[in-house]
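Protein chains in written order, with my numbering: chain A, 1 to 280; chain B, 1 to 532; chain C, 1 to 315.
C-beta: ideal position from N, C-alpha, C; glycine also.
The structure displayed is predicted, hence computed values, not measured ones.
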Amino acid sequence: MFSSINIFGLKRSIFLPGLFIFALIVASLLIPGLSPYSEDIRGAVHFEESNLSPSFSHYFGTDAAGRDIFTLTVRAALTSLGIGFGVVILAMFIGTPLGLIAGMKGKWIDEIIMRIVDGFLAFPPLVLPLIITSALGPSINNIVIGIAISWFPWYVRIARSQAIVLKNQDYVLASRSFGGSSTHIILKHILPNSLPPIIVQASIDAGYAILVAAGLSFIGLGAHPPQVEWGLMITQARAHFLDQWWTVTFPGLFIFMTVISFNLIGDGLRETLNLNNREE
Amino acid sequence: MLKIYSISCQRIAFIKCLFRTLFTAMFVILISCSKDHRNEREPNTFVFVTYDDVKDWDPGTAFSLEVLPLSNMYELLLWYDATGDDPVFIPGLATSYKQSPDGLQWTFQLRKKVKFHDGEDFNAEAVKFVVERNKSLGRGASYIWNVVRDVRIDNSHQVTFILNEPAPLDRIVSSQYGAWMYSPKITDIPEDSLRNGYDGGTGPYRLKKWIRNGEIRLEKFDEYWRGWTLQNAFSNVNIRVVSEASTRIQMIKNNQADYVTQIPIQLLSSLQDVKDVKVEILPGWVNHFYLLNTKKYPTNDINVRRAIAAAFDRESILRYVYKDVATRPVGFIPATVPLASSPDSLIEFDLNYAKHLLNKADLPDESPEIIFSYVATSEEYHLTSLMLLDNLRKIGINMRIQPGLWSAIWEKAKYIDTAPNIISMAWWPAYASPSDWLYGLYYTQNPPLFNLAHYSNPVMDSLIAEAWKNEAFHPKNAQNIYKEIQNILIEDCVAIPVADLQIWAVYNSKIHGIRGNPAYNTLLFYNLARSG
Amino acid sequence: MEPPLITLSNISKTYREGKTEVKALENVSLVVNKGETVGIIGESGCGKTTLSQITLGLLKQDTGHVRMIDENGKKLDEKLFYQTISSVFQDPWGSLNPRMSIFNSIAEPLVITRNFDKHEIKKRVYQVIDQVQLNTELLDKYPHTLSGGQRQRAAIARALISDPTLIILDEPTSALDVSVQAQILNLLKDLQEQNNLSYIFISHDLPVVMYLSHRIAVLYRGQIIEEGSSTDLMGQQIHPYTKQLFSSAFGKNKLDKAILDEVLDSSDQKVGCIYEFRCPEKLTQCANEAPNLIKVDSGREVACFLQPQKQTETK
Ligand SMILES: Nc1ncnc2c1ncn2[C@@H]1O[C@H](COP(=O)(O)OP(=O)(O)O)[C@@H](O)[C@H]1O
Ligand SMILES: [Mg+2]
């Protein structure tokens with residue numbers, strides 16, 4: 001369904017942040033083989049080298065346990081991006097079908113689904129992931145579940161509003177006039193056409209998910225050693241950052257750049273995908 | 001298809017994102033630097049910043065961080081001064097005391113014209129009341145009174161303690177927990193009020209206000225019997241709870257605090273050069289160690305416990321984490337505590353040996369998981385956990401780290417189901433004797449209070465009791481028994497000693513009167529003053 | 001005479017949204033015979049699309065019924081109904097799914113019935129695109145790369161693929177350029193001859209309707225006010241509204257646009273003739289009494305008090 005998107009037609013606004021994310025994934029996969037400090041990824045400590053400032057042997061310096069911050073920061077991208085993708089995929093998988101069904105069927109089905117959704121949305125943004133992860137116990141998987149559960153309502157809403165608009169499109173009416181069933185119409189017509197705004201939302205949310213996960217890890221609800229995750233790195237270094245600025249700056253910078261990148265990709269996708277619409 | 005987003009929406013969304021991200025990035029910095037602008041520094045207010053709050057305001061049962069405010073609100077019959085080479089007892093609420101030749105009767109002359117903060121007179125009846133109430137409550141450090149059979153009121157200001165067996169009662173009445181003298185009027189106070197902050201002492205400061213997890217405000221007690229003669233003494237003391245170490249550092253650097261505790265030792269060197277900040281190492285009787293749960297799988301297996309001890313790289317931790325604030329432990333009791341002795345040897349760091357021990361354990365699990373709990377406010381524990389995690393990984397044990405607030409991890413550690421396998425522990429004694437460590441930590445307790453290793457050994461129990469009996473008149477015997485006990489602890493591998501700590505006092509250099517007395521893990525505000 | 005292919009009898013439809021009600025169709029009856037094109041002419045908003053959607057089964061009428069019968073006079077079951085009747089919509093931008101290739105769009109009716117294998121579908125698609133004179137290279141393309149005319153050809157191909165007997169064409173050319181319009185109209189005419197199709201041809205454009213239709217029904221505010229063969233109607237219009245339509249379409253005065261935009265809702269429940277307030281020839285009774293649709297000649301019906309009486313007199 002994306003064959004209509006021409007890679008070379010992608011806006012530069014997608015290209016650069018996309019390249020950053022791609023490079024980050026590649027680097028995080030390769031770093032265990034390339035870094036002389038790859039042991040640190042598994043939790044090795046070298047107290048004799050603790051709190052070294054950035055240098056040619058340690059690009060981002062070392063932390064209080066003597067671990068190479070460059071290696072850890074790059075590797076942490078894998079965890080953090082995994083969380084980001086995990087959250088949006090899960091939220092999309094829960095939210096989109098519900099939204100499409102609500103929008104297509106209307107009436108009491110719509111009513112019930114939207115009541116539930118509004119119930120979820122009644123919580124202040126960070127409270128639900130907090131409650132869910134503290135109930136399920138601190139771990140990365142639970143963070144993903146916690147954030148996804150509190151975010152899927154947004155996907156329900158987008159999918160629903162798409163379905164409501166799309167179900168009256170002529171091609172849907174035509175399909176119905178040929179005897180197309182609801183399932184056929186949802187799968188062939190409504191879903192493919194409602195995906196662009198959902199994907200735009202997902203790419204923006206992927207960034208925020210990383211941010212929220214970092215926040216939860218920061219307060220001890222997420223990753224735990226020896227896992228490497230940006231939020232956790234910042235927590236562990238937070239007593240030190242006044243004297244050893246590099247300990248929190250680099251993970252922080254990577255969170256920042258990743259979130260911004262996903263946001264730019266989202267914006268770029270929005271423009272690119274809109275090219276296919278009649279309102280050029 | 002509907003165009004959901006307009007251009008302006010996109011911009012707003014982007015700017016929002018930018019701000020949210022920036023905000024979150026700043027969040028860390030903000031919470032670390034958060035300044036309380038309401039707090040205008042008054043010259044006669046002393047600001048003490050600590051990392052956790054008081055849990056128990058009852059002077060008869062409090063047995064933890066309460067020592068800081070309570071030792072300023074309450075007084076003892078005698079003070080134990082361990083600053084010099086020969087410890088001496090200093091008169092407190094008792095002016096003098098003498099013991100019978102058999103050591104079974106101790107008579108104390110009580111200070112006259114002393115009033116409790118609630119207006120009651122301090123007298124013989126109050127002393128009898130305190131001892132009997134603490135004994136009957138049976139919580140906290142009440143065990144210190146176990147040897148006392150009766151308190152006899154000789155006259156309004158003289159009491160005689162009648163003991164079951166000879167014991168060094170002067171050390172007991174100068175205990176830093178469980179020996180505070182408080183007003184008998186406490187029985188009129190409803191439970192609720194006790195829980196929300198109570199003060200019935202005779203000390204120089206009285207409780208003015210308590211904001212839970214925020215601040216304890218003390219004000220000077222005008223009718224304090226010693227009087228207020230010190231120039232520039234503090235009429236108010238604010239004890240503030242700040243859990244972030246970096247915030248505490250900021251506060252001392254910015255002159256928002258006069259004294260801060262629990263500064264990560266690795267960061268002390270950077271504070272030494274800061275103007276107006278003084279870092280002083282004072283003698284202390286505090287040690288850090290890790291208790292190994294003897295009842296919970298897989299540390300219920302002695303070989304697993306020994307393997308963990310052998311995987312514990314104490315030397316690195318001492319050298320790089322505790323630096324010169326701590327000394328190498330000789331046993332389970334700080335070396336400078338009177339009558340302290342040491343076991344024959346400690347289990348030393350040896351990964352091969354650890355691996356060998358683990359194989360001997362023959363566990364059903366290929367790679368067993370153990371849980372390590374520590375007080376999150378301590379950077380030293382945190383770094384130690386990373387060291388142990390790494391070493392245990394090398395011998396094939398998965399360690400799961402659970403940092404938490406002391407109150408939370410303590411509560412969990414009391415019950416086998418929720419207890420971790422390893423828990424961080426810092427100990428300072430109620431009274432200065434090895435038996436305090438041993439009785440508090442390794443004597444059979446059901447349910448456990450501080451015996452978080454869930455260790456129970458009848459031989460150990462009787463040895464601890466016997467050593468204690470010998471302390472008063474056969475100190476050499478006592479010392480030998482303490483050695484024997486510690487050999488058993490090594491043998492059973494109940495705990496891993498890490499460091500004998502000194503007190504690292506970080507305070508404003510204008511403050512005078514800070515003196516280290518290892519017998520009391522507190523700061524006596526009455527002696528302090530601010531210069532210029 | 002063969003029975004009619006499809007019969008609509010007394011169809012009424014009112015849209016309700018909250019409190020507002022829009023009476024879109026009232027008591028509309030229509031028959032279409034085999035091989036015949038019935039044109040439906042009316043201003044925008046008069047209910048043409050509503051009628052086509054009810055005929056297609058996309059919309060449920062409030063009253064009345066749609067009946068389709070096979071050669072033996074039996075009512076068609078649902079599946080056969082969908083294969084027998086088909087449609088082309090007004091807007092070739094909206095009637096093709098932008099995320100579906102032209103091939104898949106054209107093949108969709110066959111895929112839905114599931115009776116065909118891949119090979120058969122492909123064969124059939126090539127047949128119909130040949131009929132609508134569409135280049136095979138376009139099959140892999142997506143709608144947004146096609147021109148309006150190409151898209152409408154694709155939509156017609158889709159309508160043809162299940163080999164229907166009746167195609168409902170709802171303004172199939174009104175969104176197209178004039179030059180393309182002519183091509184499409186000719187194509188439709190050719191297809192009708194080749195395949196012996198029946199059309200319901202809906203438009204607001206009278207010359208276009210006249211060009212294609214054998215019979216024409218004039219729809220005004222949800223009611224048929226005049227019906228007759230195109231030649232009869234061209235020769236003589238009875239209803240004043242029809243007259244106005246013809247005169248504005250073939251050169252003379254334009255229709256008053258402002259009046260066209262008015263919406264008929266239930267609040268202005270008129271007792272009299274619905275055309276009364278615009279009628280240049282109204283009688284006094286028109287305000288109080290609504291004229292019925294009356295047969296005035298063979299194949300000629302009209303709802304007006306004026307001429308019908310004369311016509312019946314002469315009869
Ligand atoms: N779904 C709907 N809800 C409410 N009113 C509608 C709806 N569809 C059409 N209408 C109204 O019904 C009338 C007839 O509409 P329609 O059949 O589309 O007319 P036409 O196709 O002749 O332009 C119009 O007044 C229109 O506004
Ligand atoms: Mg229409």
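Within chain B, the residues that residue i reaches when beta carbons sit closer than 9 angstroms
{"i": "Ser35 (chain A)", "result": "Within 9 angstroms Cβ-Cβ: nothing; Ser35 (chain A) doesn't reach chain B, min ~17 angstroms."}
{"i": "Leu81 (chain A)", "result": "Those within 9 angstroms of Leu81 (chain A) in chain B number zero; the least Cβ separation is about 16 angstroms."}
Sequence-distant residues of the same chain with beta carbon closer than 7 angstroms to residue i, five excluded per side
{"i": "Ala499 (chain B)", "result": "Asn287, His288, Leu318, Tyr322, Ala326, Pro329"}
{"i": "Asn277 (chain A)", "result": "Legend: pLDDT at Asn277 (chain A) = 47, less than 50; position of this residue unreliable, no value from coordinates given."}
{"i": "Ala309 (chain B)", "result": "Ile347, Cys493, Ile496"}
{"i": "His474 (chain B)", "result": "none"}
{"i": "Glu281 (chain C)", "result": "Pro240, Leu306"}
Chain-order list of residues whose beta-carbon lies under 8 angstroms from that of residue i (same chain, five-residue window excluded)
{"i": "Lys75 (chain C)", "result": "Arg67, Met68, Ile69"}
{"i": "Val259 (chain A)", "result": "Gly207, Tyr208, Ile210, Leu211"}
{"i": "Gln133 (chain C)", "result": "Arg153, Leu187"}
Residues near residue i by beta carbon distance below 6 angstroms, same chain, minus five either side
{"i": "Leu524 (chain B)", "result": "none"}
{"i": "Lys295 (chain B)", "result": "Ile416, His454"}
{"i": "Leu291 (chain B)", "result": "Ile423, Met425, Leu452, Ala453, Ala495"}
{"i": "Ile143 (chain A)", "result": "Thr133, Ala213, Leu216, Gly222"}
{"i": "Pro218 (chain C)", "result": "Strictly speaking, residue 218 (chain C) in this sequence is Val, with Pro absent from that position. Within the same chain, Val218 (chain C) has close Cβ partners Ile41, Ile225, Glu226, Thr242."}
{"i": "Ile14 (chain A)", "result": "Ile265, Gly268"}
{"i": "Val28 (chain B)", "result": "Residue placement at Val28 (chain B) is poorly supported in this model, since its pLDDT is 49, which falls under 50; the coordinates still yield a value, given next. Counting only Cβ-Cβ distances below 6 angstroms, and skipping sequence neighbours, we find nothing."}
Within chain A, the residues that residue i reaches when beta carbons sit closer than 9 angstroms
{"i": "Pro368 (chain B)", "result": "Those do not exist, as Pro368 (chain B) stays about 16 angstroms from chain A at its closest Cβ, beyond 9 angstroms."}
{"i": "Pro264 (chain B)", "result": "Ala64, Ala239, His240"}
{"i": "Ile249 (chain B)", "result": "Ala239, Leu242, Asp243"}
{"i": "Thr173 (chain C)", "result": "Those do not exist, as Thr173 (chain C) stays about 15 angstroms from chain A at its closest Cβ, beyond 9 angstroms."}
Beta bridge counterpart(s) of residue i as assigned by DSSP
{"i": "Val375 (chain B)", "result": "B:Gly404"}
{"i": "Tyr290 (chain B)", "result": "B:Ser424, B:Ile496"}
{"i": "Asp110 (chain A)", "result": "Beta-bridge pairing links Asp110 (chain A) to no other residue."}
{"i": "Leu137 (chain B)", "result": "Leu137 (chain B) is not bridged to any residue."}
{"i": "Ala505 (chain B)", "result": "B:Glu280"}
{"i": "Phe161 (chain B)", "result": "B:Trp106, B:Val151"}
{"i": "Asp297 (chain C)", "result": "C:Arg300"}
{"i": "Leu269 (chain A)", "result": "Note: Leu269 (chain A) sits in no beta bridge, so no partner."}
Neighbouring residues, chain B, relative to residue i (Cβ below 8 angstroms)
{"i": "Phe43 (chain A)", "result": "This sequence places Gly at residue 43 (chain A); Phe is not what is there. By Cβ distance, chain B contributes Leu386, Leu389, Asp390, Arg393."}
Contact list for residue i against chain C, beta-carbon separation under 7 angstroms
{"i": "Arg176 (chain A)", "result": "Leu58"}
{"i": "His184 (chain A)", "result": "Ile112"}
Interface partners of residue i on chain A, CB under 8 angstroms
{"i": "Ser246 (chain B)", "result": "Arg238, Ala239, His240, Phe241, Leu242"}
{"i": "Asp91 (chain C)", "result": "Asp170"}
{"i": "Ser44 (chain C)", "result": "Within chain A, no residue comes near Ser44 (chain C); the closest Cβ sits about 16 angstroms away, beyond 8 angstroms."}
{"i": "Pro168 (chain B)", "result": "Near Pro168 (chain B) there are no residues of chain A at all, since even the closest Cβ is about 41 angstroms away, more than 8 angstroms."}
Neighbouring residues, chain C, relative to residue i (Cβ below 8 angstroms)
{"i": "Pro192 (chain A)", "result": "Asn97, Arg99, Met100"}
Neighbouring residues, chain C, relative to residue i (Cβ below 9 angstroms)
{"i": "Asp110 (chain A)", "result": "Chain C residues near Asp110 (chain A): none, gap ~16 angstroms exceeds 9 angstroms."}
{"i": "His224 (chain A)", "result": "What His224 (chain A) touches in chain C: nothing, since even the nearest Cβ is about 44 angstroms away."}
Per-residue contacts from residue i into chain B (C-beta, under 7 angstroms)
{"i": "Glu48 (chain A)", "result": "Tyr320"}
Interface partners of residue i on chain E, CB under 8 angstroms
{"i": "Tyr82 (chain C)", "result": "As a matter of chain content, chain E is missing from the structure shown, whose protein chains are A, B and C."}
Closer than 7 angstroms at the beta carbon, the chain A residues around residue i
{"i": "Leu268 (chain B)", "result": "In chain order: nothing, as chain A lies at least about 11 angstroms away."}
{"i": "Arg217 (chain B)", "result": "Result: empty, since nearest Cβ-Cβ is about 27 angstroms, beyond 7 angstroms."}
{"i": "Gly94 (chain C)", "result": "Gln169, Asp170, Tyr171"}
- At what residue ranges does the stretch 152-211 of chain C contain a whole run of the alpha helix (DSSP H), taking only runs of 4 or more? Scanning the stretch 152-211 of chain C for uninterrupted alpha helix (DSSP H) segments of 4 residues or longer gives 178-195, listed from N- to C-terminal end.
- Task: At 4 residues or longer, and completely inside the stretch 443-482 of chain B: list those alpha helix (DSSP H) runs for me, N to C.
- Result: Counting only runs that start and end inside the stretch 443-482 of chain B, the alpha helix (DSSP H) elements of at least 4 residues fall at 458-471.
- ligand 1 site residues, beta-carbon cut 6 angstroms against heavy atoms: Having a Cβ closer than 6 angstroms to some heavy atom of ligand 1 are C:Tyr15, C:Glu17, C:Val22, C:Ala24, C:Gly42, C:Ser44, C:Gly45, C:Cys46, C:Gly47, C:Lys48, C:Thr49, C:Thr50, C:Val263.
- Task: Could you name each continuous alpha helix (DSSP H) segment of 4 residues or more that falls completely within the stretch 113-187 of chain A, going from the start of the chain to the end?
- Result: As far as the stretch 113-187 of chain A is concerned, its whole alpha helix (DSSP H) runs of at least 4 residues are 127-136, 140-166, 170-177, 182-185.
- Message: Extract the residue ranges of the beta strand (DSSP E) inside the stretch 208-242 of chain B, only unbroken runs of 3 or more that lie entirely within it.
- Response: Restricted to the stretch 208-242 of chain B, the beta strand (DSSP E) segments that are unbroken, complete and at least 3 residues in length are 215-220, 236-241, listed in chain order.
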